[in-house]
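Participant: Pasting in a structure now, in structure tokens, and then I'll have a few things to ask.
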Amino acid sequence: MKKILLAAVILIGVNSVSIAQSTEPVDVNKVIEAEKNFNKLVERKGIKNAFLTVADPEGIVFKPDAVNITEFYNNIDKQSGSLSWKPDFARISGNGDLGFSAGPYIYQNGKTDDDKVYGDYVSIWRRDAEGKLRLLIDLGIQHPEPEKEALTDFRSPGADKKVAPSKDPFNGKKIILATDELFNHSLTISALATYKEFLSLEGHFYFPGFDPLTGREQVMKFLSNEGISISAETVNAGRSTSNDLAYTYGKARIKKGNILSNFNYVRVWELDKNHKWNVLLEAFSAIENE
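Going left to right, the sequence shown walks through residues -20 to -1, 1 to 270 as mature numbering (1 follows the signal peptide of the UniProt record, and there is no 0) numbers them.
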């Protein structure tokens, strides 16, 4: 584990913060409004057309593997049922070009309460050339109806987070990919040590069949109690131009007892004051065996 921590320090050292261009802060409500408008589109135009309207050209959904949003919804018939959701956790980057939200959803394809499906979603949004947020990643997990509402956690970045875009954006992506790969490698040594090192103190954790967990201690307690082991492989990543928010996604295999299951994962990373990347959010979505 010492070698892993040393590698983490090396990765931290190659990160640098650009000089601020403007003191005008970015508001996380831009992400909240994007979600609300998306929700209204679903009500008016249906699930399929709403996704096609808000999708980033490179946007993906997991069906169950990662597929392009536009290609997927252009190749299916009208999707039945009603879908509604409410964000309770959101952030946006200092430059406003990358943001995310998460929260509970309800899907219903029938007329009775027994037809309702409950869960939580994670959506990542990216700003396009016209300054509009587009849906880049959408993932959902299913769990029983929650007994209580989660606390709302919306936070805007400080004005100092708005910086000049990196002159080498590809290097930024390489750093995030390497950090995610390091996380996955360390999982093979010790899951608990990995989460202790990489998960933010206020990190959110989404796992099928369970209500979302908040806080490093709660997540580590869950992993210990469930007795699960995780192996994972990075697929892709991206980072904000302000170098304060990033995402990764990939595939995971989770073993509990003698049962081995396949999952997709999405992670949202934030840069702390010491220029270290920490996982702010992690979500696992089950891949059903055929």
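Backbone N, C-alpha and C fix where the C-beta goes; we use that ideal spot for every residue, glycine too.
All values reported here derive from a predicted model rather than from experimental measurement.
Ends of the alpha helix (DSSP H) at V22?
Facilitator: Counting along the chain, the alpha helix (DSSP H) containing V22 begins and ends at N9 to K25.
Participant: In the structure shown, what three-state DSSP assignment does E177 receive?
Facilitator: Correct three-state label for E177: helix.
Participant: Which residue wins for smallest C-alpha separation from D100, given the options F69, K91, V34 and D108?
Facilitator: D100 has its Cα closest to that of F69, out of F69, K91, V34 and D108.
Participant: Do F80 and V102 count as a contact pair if the criterion is CB distance below 8 Å?
Facilitator: If you check the CB distance, V102 and F80 come in under 8 Å.
Participant: Beta-carbon within less than 7 Å of D95's beta-carbon, same chain only, minus the 5 sequence neighbours each way: which residues are those?
Facilitator: Q88 and N89
Participant: Beta carbon of F243, beta carbon of I208: below 8 Å?
Facilitator: no
Participant: Does the contact criterion of 3 or more C-beta pairs under 8 Å hold for the region 200 to 216 versus the region 119 to 129?
Facilitator: Flag = no, the region 200 to 216 and the region 119 to 129 do not touch.
Participant: For R135, which residues does DSSP report across the bridge?
Facilitator: R71
Participant: Which residue spans inside the region 26 to 71 form an unbroken beta strand (DSSP E) run of at least 3?
Facilitator: 35 to 42, 46 to 48 and 62 to 65
Participant: With C-beta atoms as the reference, is I27 less than 8 Å away from G39?
Facilitator: no
Participant: Between the Cα of P5 and those of K25, V97, S222 and W257, spot the shortest distance and give me the residue it belongs to.
Facilitator: S222
Participant: Does DSSP put K201 in a helix, in a strand, or in coil?
Facilitator: Here K201 sits in helix by DSSP.
Participant: Can you tell which of N238, L119, R247 and D224 has the C-alpha that lies nearest to the C-alpha of K253?
Facilitator: D224
Participant: Report the three-state DSSP secondary structure of F185 (helix, strand or coil).
Facilitator: strand
Participant: Can you look up V82 in the DSSP assignment and give me helix, strand or coil?
Facilitator: According to the sequence provided, residue 82 is Ala. The question's Val does not apply to it. Strand at A82.
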